[in-house]
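The structure appears below as structure tokens.
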Amino acid sequence: MQNRTLEIGVGLFLLAGILALVLLALRVSGLSPVSSTDSYKLYAYFDNIAGLTVRSKVTMAGVTIGKVTAIDLDRDSFTGRVTLQLEKRVDNLPTDSTASILTAGLLGEKYIGISVGGEQALLKDGGTIHDTQSSLVLEDLIGKFLLNTVSKDAK
Numbered sequence: 001m002q003n004r005t006l007e008i009g010v011g012l013f014l015l016a017g018i019l020a021l022v023l024l025a026l027r028v029s030g031l032s033p034v035s036s037t038d039s040y041k042l043y044a045y046f047d048n049i050a051g052l053t054v055r056s057k058v059t060m061a062g063v064t065i066g067k068v069t070a071i072d073l074d075r076d077s078f079t080g081r082v083t084l085q086l087e088k089r090v091d092n093l094p095t096d097s098t099a100s101i102l103t104a105g106l107l108g109e110k111y112i113g114i115s116v117g118g119e120q121a122l123l124k125d126g127g128t129i130h131d132t133q134s135s136l137v138l139e140d141l142i143g144k145f146l147l148n149t150v151s152k153d154a155k
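In UniProt numbering, the protein residues as written are 1 to 155.
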């Protein structure tokens with residue numbers, strides 16, 4: 001009987017360890033559900049969204065304040081429309097704030113960084129960030145550098 005109790009205890013301990021690892025993996029991957037009641041949506045339009053994905057983080061001053069929930073193509077302006085879900089604790093963003101697509105490290109993941117403006121008017125739920133900076137595409141940068149080098153050599 002004591003051996004059976006020991007086996008059940010070890011089994012429960014192992015099950016708790018596996019459950020903890022699954023929860024940790026969900027939290028790290030960004031798949032954990034976030035209630036929409038304590039957040040609000042903003043939209044931003046970019047000319048180039050290369051490398052940005054749904055569930056990418058949104059940061060301000062290096063602090064994560066939200067995530068990207070959708071990426072669409074605006075059929076009228078032919079630009080990429082990004083839907084941002086931001087936490088309610090940062091509901092005081094001025095209307096002239098800037099959204100930029102940044103890269104973590106040299107070749108890391110893409111995320112959106114928000115720089116605060118100075119206007120008195122604030123962005124509301126469903127508002128749009130008009131001042132945006134698109135993603136820097138490394139291949140385009142290398143191509144421009146090579147074309148410049150070839151142009152200088154031809155002269």
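Note that beta-carbon positions come from the ideal geometry of N, C-alpha and C, so glycine has one too.
Contact set for residue i: own chain, Cβ-Cβ below 6 Å, skip 5 residues either direction
{"i": "Asp96", "result": "Gly117, Glu119"}
{"i": "Leu93", "result": "Leu123"}
Distance between beta carbons of residue j and residue i, contact taken as under 8 Å
{"i": "Tyr43", "j": "Lys88", "result": "Going by Cβ atoms, the distance from Tyr43 to Lys88 rounds to 17 Å, so no, they are not a contact pair."}
{"i": "Thr79", "j": "Asp47", "result": "6 Å"}
{"i": "Gly51", "j": "Ser135", "result": "6 Å"}
{"i": "Ser115", "j": "Thr98", "result": "4 Å"}
Residues of its chain near residue i, where Cβ-Cβ distance is below 7 Å and the 5 sequence neighbours each way are ignored
{"i": "Lys57", "result": "Thr64, Lys67, Tyr111"}
Given residue i as reference, the closest of the options once Cα atoms are compared
{"i": "Asp76", "options": "Tyr45, Arg4, Ile8, Gly105", "result": "Tyr45"}
{"i": "Ser100", "options": "Ile129, Leu12, Asn3, Gly143", "result": "Ile129"}
{"i": "residue 158", "options": "Asp74, Ile8, Asp125, Leu102", "result": "Given that the chain is displayed from residue 1 to residue 155, the structure contains no residue 158 and the question cannot be resolved."}
Reduced DSSP category for residue i - H, G, I as helix; E, B as strand; rest coil
{"i": "Val123", "result": "According to the sequence provided, residue 123 is Leu. The question's Val does not apply to it. Three-state DSSP puts Leu123 in coil, outside helix and strand."}
{"i": "Glu7", "result": "helix"}
{"i": "Asp76", "result": "coil"}
Pair every Cβ in the region 109-122 with every Cβ in the region 14-25, then say whether three or more of these pairs are closer than 8 Å. Output reads no: the region 14-25 does not touch the region 109-122.
Okay, do the region 79-93 and the region 58-68 touch, 3+ Cβ pairs below 8 Å being the bar? yes
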